[in-house]
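Remarks on the structure that follows.
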Amino acid sequence: MTTQHTDTAAATAAAVAHLRAHDAEHFAQLDEFLRIESVSADPGRNDEVRRAAWWIADELERIGVERATIHETGAHPIVTAEWMHAGDGAPTVLVYCHYDVQPTDPIDEWVRPPFEPRHEDERVYARGAGDDKGQLFMHLKAVEAWMRTAGRLPVNLRFFFEGDEEVGSEPVEQFIAGHADLLRADVCVVSDGDTFDDDGTPAIGYGLRGIAYWEVRVHGPRQDVHSGQYGGGVDNPANVLVRMLASLTDERGRVTVPGFYDAVRDLTDDERAAYAALPFDEATWRDETGVAAAMDGESEHSLLERLSARPTFDINGIWGGYTGEGAKTIIPAWAAAKISTRLVPNQDYREIEQSMKAHLASIAPPTVRVDARIIHGGAPAITPLDHPGIGPASRALEAGFGKAPLFQRSGGSVPVVAALDSRLGLKTLMVGFANPTGNFHAPNEWMSLRNIRDGMVSLVHLWAELGAMRGSDLRGD
Ligand SMILES: [Zn+2]
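Spelled out as structure tokens, the structure:
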């Protein structure tokens, strides 16, 4: 009797062989997809964005994925589809990518035209090659390889492809809230990031920071007043603002607002080990930024840990009073600042809003009025390193790239990941295949043929690996 294990291994090998046998055809199809000018920020290209959505939906149907649907939103369409025949108890995985691309300006700096894909130096050059149409395409081809060889997939798959990522993912939160039935899954795989380096070291992203973004305004006299006539008696709102803001962090950058760190989840031993395993050269990092030295930070955390696993407080802009030529001797009527606080699991921006407002009110002198409002908030997200999907994803990436992945948390935010977590309780494995130096958002975007090939093989393995589990075991709850 053949064991199921041998069956799966043979089926996986057949799907990988299918990818290899159709290599040239796949690259020609990728070029066709990349020629569509799906620039979401350009209203003149709305039809092109829509054409990309249709291209995907047609392709999904052609390879045997069902219920391909183009959903109208207030902005660009969202494409969903599913294949749900993996059998009782089989896991369901939600795949997210985006099909819109960044604008191409400055167009003069493109050596090759952005929407005429070129294959040179073992790379595909085109807008969207890496971010994110190339990665979306890889998912389609991995699924096709399974469908054309085994006639089925080892897991249930749902697809969620967005056309507004490069302009802020505006429709996504509402779509998730209204379409839980189309998105429900045991785990989510997001491919919209990069490998760890350009030498084929894959990476799994498992955490993102959230954000609370603020405007603080300090009001003093009814109007600007003469600093000779009133100075010494009227408290200056700009002086008060800078004093208050300066008091919100200590000399190591730690936020002094009471309660700010209460919900912060400590790094686990595994996470500390994952951080320690990341190659990091502080001198190169300094060169990148042009700063003379890294700031003093919490001494119990390494620089890398502070860059993504710890909260921050930054003044993004500060203004008020006279800023023109020469001198104008006034005490301004008001002064203001924009502030971003990056948050980490399990900080909640609504709780941070309460504690920050209470603290500002408590330190404001009676000479001024302080208005603090939150402009927008976003939740952090984390998929614990002991999540049951991490092991299968690692093995799949190692099978594709020939190297074990590194694990990293990002200092930024990805709205869709946080929304899937908070709305559907869905944990995300960020498995990205773009090249870290591949010029996303810049002229001459590219992706290496090697990452495309190895990434597709990884995805074929990923579905086999996850298909060996039960859905209930994969959820990890
Ligand atoms: Zn992207």
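Whatever position you read off the sequence shown (first residue = 1), add 709 for the working numbering.
By construction, the Cβ of each residue, glycine as well, lies at the ideal position given by its N, Cα and C atoms.
Everything numeric in this text was worked out from a predicted model, so none of it was measured.
Pick out whichever of the options has its Cα sitting closest to the Cα of residue i.
i	options	result
A1081	R1118, G773, I1061, T977	I1061
E741	V802, E775, R760, H727	R760
P752	T715, D809, Q738, D767	D809
G1134	L866, P786, R729, A886	A886
E781	D906, I1048, E871	E871
E1007	A986, R1059, Y970	Y970
L957	D944, I787, R995, A1067	A1067
V943	P1075, E960, D990, R995	P1075
A1073	L1012, P946, S1049	P946
D978	T993, P1093, V964, D959	P1093
D732	D990, D996, A854	A854
S878	S1122, A1177, H1170, S1181	S1122
S1071	M953, D996, D797, E960	M953
E960	D990, F1022, G1033, R1059	F1022
F884	S1181, W994, V1126, I787	I787
D1126	P822, F869, L845	The question names Asp, but residue 1126 is Val in the sequence shown. Nearest option by C-alpha distance: F869.
Is residue i near residue j, with beta carbons less than 9 angstroms apart?
i	j	result
F1142	P911	yes
L892	A1090	no
L743	H794	no
G999	R1051	no
R1118	A799	no
P1145	D841	no
H935	D873	no
V876	A784	yes
A859	A720	yes
R729	A889	no
A1105	A1151	no
Y805	L1129	yes
L950	A1044	yes
G914	F1149	no
A985	S1011	yes
V1053	G929	no
I1083	Y939	no
A838	G1147	yes
P880	L739	no
Suppose the cutoff is 8 angstroms on Cβ atoms and the five residues either side in sequence are ignored; what does the same chain contact list for residue i look like?
i	result
L1188	Given a span of 710 to 1186 for the chain in the structure shown, any question on residue 1188 remains unanswerable.
M847	S900, F1142, I1161, G1164, M1165, L1168
M710	Confidence is the limiting factor: at M710 the pLDDT is only 42, short of 50, which leaves the residue's position unreliable, though a coordinate-based value still follows. Cβ neighbours of M710 beyond the five flanking positions: none.
I669	Since the first and last residues shown for the chain are 710 and 1186, residue 669 lies out of range.
W819	T813, P1152, N1153
K1037	Y1031
S749	V758, A784, H785, D809, V810, G872, D873, E874, E875, V876
L849	I765, E768, L769, I772
R974	V1053, P1054, N1055, I1091
R1059	G1086
W1069	The sequence given here places Leu at residue 1069; Trp does not occur at that position. Cβ within range, chain order: V925, M953, V1079, A1081.
Between which residues of its own chain and residue i is the CB-CB distance below 6 angstroms, once the five residues before and five after are set aside?
i	result
M856	I772, G773
R776	A790, E791
T778	T789
G1185	H1096, P1097
K1047	E924, N1025, G1026
T717	A1173
G843	M1156
R1015	G1006
A723	T858
P1114	P911, A912, I913, S1103, L1106
A1177	none
G1033	none
To which residues of the same chain is residue i closer than 7 angstroms at the C-beta, ignoring the five residues directly before and after it?
i	result
D1163	G909, G1109, F1110
S1064	V966, P967, G968, F969
E746	R754, E757, F824
A1102	I913, L1138, V1140, L1171
D996	none
K1112	G909, T910, P911
S1049	I920, Y922, D1023, N1025
Counting contacts by CB-CB distance shorter than 9 angstroms, is residue i in contact with chain D?
i	result
V898	In the structure shown, chain D does not exist; there is a single protein chain.
Pop quiz: residue i and residue j are said to be a contact at Cβ under 8 angstroms. What is the actual Cβ separation, rounded to whole angstroms?
i	j	result
V898	V725	With a Cβ gap of about 18 angstroms, V898 and V725 do not count as contacting.
P1124	E757	Going by Cβ atoms, the distance from P1124 to E757 rounds to 24 angstroms, so no, they are not a contact pair.
V802	L1175	6 angstroms
A1042	R931	7 angstroms
A1003	L976	So it is not a contact: roughly 19 angstroms between Cβ atoms.
D1057	A972	7 angstroms
I920	G1087	5 angstroms
K1136	V896	6 angstroms
V1079	P1020	The Cβ separation is near 22 angstroms, so there is no contact.
I'd like to confirm something about residue i: is its beta-carbon nearer than 8 angstroms to some heavy atom of ligand 3, or not?
i	result
G798	In the structure on display, ligand 3 does not appear, and the ligands it does have are ligand 1.
Problem set entry | For ligand 1, residues whose Cβ lies under 5 angstroms from any non-hydrogen atom | D840, D841, D901
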